[in-house]
Each structure stands twice: as C-alpha cells, then as structure tokens.
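Residues 84 to 429 (the numbering used here) are what the sequence shown spells out, left to right. Worksheet: the structure to be examined is printed underneath.
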Amino acid sequence: MLAKRLLIGLGLCALAQTGFAEVKVVKERFFTTIDADSNVDSIAIWHSSETSDRWLVATSKAMHKLFVYDAQNGYPLSEYGNAGDQLGQFQRPNGIAVIGDMLLVVERDNHRIQALSLPDLSPLFSFGEEQLIKPYGIYARHEKNKVLVYVSDDYNNSASNPKPEPNPDGLRKRVKVFELSTATSASEPKFVKAFGSHEGEGALDVVESLMGDDVFDRLMIADEDEVNGMEVHLFDLDGKDLGQTLGKGRFQYQPEGIALWSTGEKSGYWIFTDQGKQENLYLLYDRESLEYVGTFSGERTLNTDGVAIDLTPTERYPEGVFYAIHDDSGISAWSLADIATALDLH
84 MLAKRLLIGL GLCALAQTGF AEVKVVKERF FTTIDADSNV DSIAIWHSSE
134 TSDRWLVATS KAMHKLFVYD AQNGYPLSEY GNAGDQLGQF QRPNGIAVIG
184 DMLLVVERDN HRIQALSLPD LSPLFSFGEE QLIKPYGIYA RHEKNKVLVY
234 VSDDYNNSAS NPKPEPNPDG LRKRVKVFEL STATSASEPK FVKAFGSHEG
284 EGALDVVESL MGDDVFDRLM IADEDEVNGM EVHLFDLDGK DLGQTLGKGR
334 FQYQPEGIAL WSTGEKSGYW IFTDQGKQEN LYLLYDRESL EYVGTFSGER
384 TLNTDGVAID LTPTERYPEG VFYAIHDDSG ISAWSLADIA TALDLH
C-alpha cells in the first residue's frame with residue numbers, strides 16, 4: 084500500500100511540475116467484455132449504409148484475429164481470422180482503419196496491409212510486403228479518385244531484422260505511403276513514397292500512432308521514445324516536416340492513440356493518449372491553434388493503445404462517442420458530451 088501511495092504521489096508531482104491543469108475524471112459509459120489474453124491494440128468504426136448497424140472492430144495481437152462489437156453498447160458480435168500468412172489470416176495485427184466498406188489491417192509480422200470487405204469480412208488483397216519491415220499504425224484518407232494510406236514502420240537496422248532496408252543508402256524512413264485507385268478497388272496498390280527520417284534534427288525514433296487533418300493539411304505522428312521523443316511531430320500530408328511538436332514535457336508515459344474530434348468545418352480538438360499502466364490520460368489540443376486545452380482520464384480505463392471517435396449523434400450520445408482500448412483487454416466508451424462538460428468546452 085505504501086508503495087502504491089508513493090507511486091501516486093510521484094505521479095501527481097510530475098503533473099504539477101509540467102504545468103498540467105487539473106485532470107478531469109470522466110466516467111465511462113460502457114466497457115466491452117474483458118479478455119485479458121486477447122492483447123487488443125487498435126479500433127476502427129464502421130457504419131452500414133443499408134442498416135442501422137455500427138461496428139467496433141478491434142485487432143487482437145495475441146490471438147491473431149479481429150473482434151467485432153456493437154458500437155452502440157459494446158456487445159460482442161463476432162470474431163474473425165487466425166494465425167497464418169494467407170489472405171484471411173493474420174500475424175500480430177496492429178493498426179486498423181475503415182475507408183468506405185473496406186477494412187485495412189496492419190500485420191506487423193506479415194509485413195503487410197490486408198484489405199477486407201465489409202460487412203462480410205471477405206479478404207480482398209494485401210500490399211506493402213516489399214516496402215514494410217515492422218509496420219504498426221495506419222491512417223487512410225480520400226484524395227479525389229484515390230485513397231492514400233499512411234503506415235508507420237518502426238524498426239531498427241540490426242541482424243535480427245528479417246528483411247533488408249528497402250530505402251536507398253540504408254536511410255530509415257518511418258512512414259510509408261501507398262495509393263489505392265478507389266476505396267473498393269482490388270487493382271494493384273502503388274507505393275508512393277517514404278518520409279520521416281530516423282536520423283538528424285526532428286528525427287522520428289519510436290513511432291506507431293498517426294492521424295491526419297485534411298482541412299489544415301496536417302499529419303500527427305506520435306513518438307514514444309523515452310529519451311528523445313515523448314511528443315507528437317507535425318508533418319503536412321505530403322510528408323514535409325513542419326518543424327513543430329506538441330506535448331513535450333506534458334506526456335508522462337507514452338504518446339499513443341490519436342483521434343480528431345471535429346466540431347465544425349475548422350473547429351475541434353486533437354485527443355492524444357498518454358498511455359500509462361497506473362495512470363492513463365487523454366490530452367486535448369485545439370484543432371486550429373494547436374494550443375493545449377485540458378486533460379481527462381476515465382474512472383477505470385488504463386494502458387490505452389488505440390482510440391477512435393464516432394461523431395454520428397444518437398439519442399443517448401447527442402455529440403458522439405469516444406472509444407479507447409482498456410489495458411490490452413477490451414474497449415471503453417465515453418460520451419463526447421460528458422467530456423465536453425467536464426473540460427468546459429461548450
């Protein structure tokens with residue numbers, strides 16, 4: 084008990100030293116079923132265009148499969164996949180994204196992105212096998228008649244790497260970009276570019292989560308390195324380093340899941356996860372000015388990797404829902420209205 088009190092006290096001191104305002108505790112509205120062996124990592128949201136179905140799809144790294152939940156109440160609906168390297172199989176699935184009726188799953192140990200159709204979860208194709216070494220996070224966006232897919236590739240040049248460095252002169256690049264002709268096309272995806280150097284000024288050291296904002300032409304990339312990182316780097320969507328970071332000195336644990344909470348054409352908030360096993364925080368920054376706004380935590384949620392936001396209003400959630408992974412074992416959910424009230428955002 085004494086050790087626990089000391090730990091909590093040290094945590095509060097750290098917050099005070101870095102200028103944190105009061106952390107607002109916001110009660111979660113629900114949790115999915117908890118499975119301590121699943122090692123779930125990331126979440127994506129899918130809405131049916133034909134029915135009222137809303138899904139949460141989560142990756143399970145330990146079980147090499149996907150879990151599907153009802154996004155409105157967390158009720159488990161189905162599971163899909165098993166370990167292997169064929170289409171429809173996974174090896175340590177990590178990041179996940181939905182674009183239209185297509186699901187994109189990052190597989191760290193198959194060094195690829197696998198595309199599946201929704202809602203039947205039929206495998207379509209895979210890509211990135213030649214360029215990706217140790218992929219983790221994913222962000223996908225429409226651009227005219229194509230889809231651009233950004234993938235974080237976190238690896239080191241070492242004898243243990245199963246694949247050689249694909250970039251010229253052995254230069255490590257942390258983000259790989261691919262192009263799909265349309266959201267539902269099975270035509271051959273095209274590798275576009277790699278950016279985000281591991282060396283030099285503004286280097287990206289340990290990367291996983293990334294998320295973009297088309298309106299302001301920004302790409303947020305979280306750097307988890309405890310020595311040189313602990314901040315979020317800003318790039319434009321073409322891969323140019325904007326020379327700005329967020330959260331330096333505020334993150335106490337690991338910058339992880341990122342979500343964009345849009346409240347208008349140009350208004351809203353960035354939510355950055357500060358992933359901790361004893362204390363787990365969510366930092367908010369203004370979407371336009373990038374000024375720090377406030378911090379909240381859940382009553383029970385800890386050790387968050389991936390997060391997601393559903394802005395579609397319902398009777399129960401008039402401003403939408405914020406979802407987060409809870410301790411590698413399930414998903415927790417908050418009403419965005421509750422968060423806004425707690426942080427006095429209205």
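All C-beta atoms in this analysis are idealised placements derived from N, C-alpha and C, irrespective of residue type, glycine included.
Do residue i and residue j have their CB atoms nearer than 7 Å?
{"i": "THR424", "j": "VAL106", "result": "no"}
{"i": "PRO338", "j": "VAL315", "result": "yes"}
{"i": "PHE278", "j": "GLY322", "result": "yes"}
{"i": "MET303", "j": "PHE334", "result": "no"}
{"i": "ASP437", "j": "GLY381", "result": "Nothing about residue 437 can be reported from this structure: the residues present for the chain run from 84 to 429 only."}
{"i": "ALA119", "j": "ARG137", "result": "no"}
{"i": "GLY171", "j": "VAL189", "result": "no"}
{"i": "GLY413", "j": "ILE182", "result": "no"}
{"i": "LYS144", "j": "ARG195", "result": "no"}
{"i": "ASN386", "j": "LYS360", "result": "yes"}
{"i": "TYR352", "j": "LEU367", "result": "yes"}
{"i": "LYS227", "j": "GLU262", "result": "no"}
{"i": "TYR233", "j": "LYS217", "result": "no"}
How many Å lie between residue i and residue j at the Cα?
{"i": "THR115", "j": "GLY283", "result": "43 Å"}
{"i": "LEU317", "j": "ASP357", "result": "17 Å"}
{"i": "MET294", "j": "LEU343", "result": "8 Å"}
{"i": "ILE422", "j": "SER161", "result": "30 Å"}
{"i": "ALA266", "j": "ASP184", "result": "Residue confidence for ALA266 is low, a pLDDT of 47 falling below 50, so the modelled location carries little weight; the figure read from the coordinates is stated next. Cα to Cα, ALA266 sits roughly 8 Å from ASP184."}
{"i": "LEU419", "j": "GLY157", "result": "16 Å"}
{"i": "ALA166", "j": "ILE354", "result": "33 Å"}
{"i": "LEU320", "j": "ARG370", "result": "16 Å"}
{"i": "ALA97", "j": "TYR365", "result": "Model confidence at ALA97 stands at a pLDDT of 42, short of 50, so the residue's coordinates are unreliable; what they give is reported in the following sentence. Between ALA97 and TYR365, the C-alpha separation is close to 16 Å."}
{"i": "LEU428", "j": "SER372", "result": "15 Å"}
{"i": "VAL376", "j": "ASP296", "result": "18 Å"}
{"i": "LEU207", "j": "LEU186", "result": "10 Å"}
{"i": "SER200", "j": "GLY326", "result": "38 Å"}
{"i": "ASP192", "j": "ILE221", "result": "15 Å"}
{"i": "LYS148", "j": "ASN122", "result": "10 Å"}
{"i": "SER132", "j": "LEU139", "result": "15 Å"}
{"i": "GLN197", "j": "TYR400", "result": "32 Å"}
{"i": "THR134", "j": "ILE341", "result": "28 Å"}
{"i": "PHE405", "j": "TYR336", "result": "21 Å"}
Rounded to the nearest angstrom, how far is the Cβ of residue i from that of residue j, given a contact under 8 Å?
{"i": "ALA391", "j": "ALA127", "result": "6 Å"}
{"i": "LEU215", "j": "TYR163", "result": "Contact flag wrong, Cβ pair sits at about 22 Å."}
{"i": "TYR219", "j": "GLU291", "result": "4 Å"}
{"i": "ASP258", "j": "ASP236", "result": "Reading off the sequence, residue 258 comes out as Val, not Asp. Contact holds; Cβ gap of about 7 Å."}
{"i": "HIS130", "j": "THR397", "result": "Between THR397 and HIS130 the Cβ distance is about 12 Å, and since that is not below 8 Å, they are no contact."}
{"i": "GLU111", "j": "ARG383", "result": "6 Å"}
{"i": "PRO159", "j": "PHE173", "result": "PRO159 to PHE173, Cβ: 18 Å. No contact."}
Could you please give the first and the last residue of the uninterrupted alpha helix (DSSP H) stretch that includes residue i?
{"i": "ALA423", "result": "419-425"}
Between which two residues does the beta strand (DSSP E) carrying residue i extend?
{"i": "SER161", "result": "159-163"}
{"i": "MET185", "result": "185-190"}
{"i": "ARG137", "result": "137-143"}
{"i": "THR356", "result": "351-357"}
{"i": "PRO338", "result": "338-345"}
{"i": "PHE173", "result": "It is not in any beta strand (DSSP E) - PHE173 carries neither H nor E in the DSSP assignment."}
{"i": "GLN155", "result": "From DSSP, GLN155 is part of no beta strand (DSSP E); its letter is neither H nor E."}
{"i": "PRO202", "result": "From DSSP, PRO202 is part of no beta strand (DSSP E); its letter is neither H nor E."}
{"i": "TYR222", "result": "218-226"}
{"i": "GLU291", "result": "290-296"}
{"i": "ALA127", "result": "123-130"}
{"i": "ALA277", "result": "273-280"}
{"i": "ARG257", "result": "256-263"}
{"i": "LEU231", "result": "229-236"}
{"i": "VAL109", "result": "107-109"}
In the region 366-405, which residue ranges form an unbroken beta strand (DSSP E) of at least 3 residues, counting only runs that do not cross its ends? 375-381 and 390-393
Practice task
Identify every run of the alpha helix (DSSP H) within the region 301-335, keeping only runs that are complete inside it and at least 4 residues long; order them along the chain.
Solution key: none
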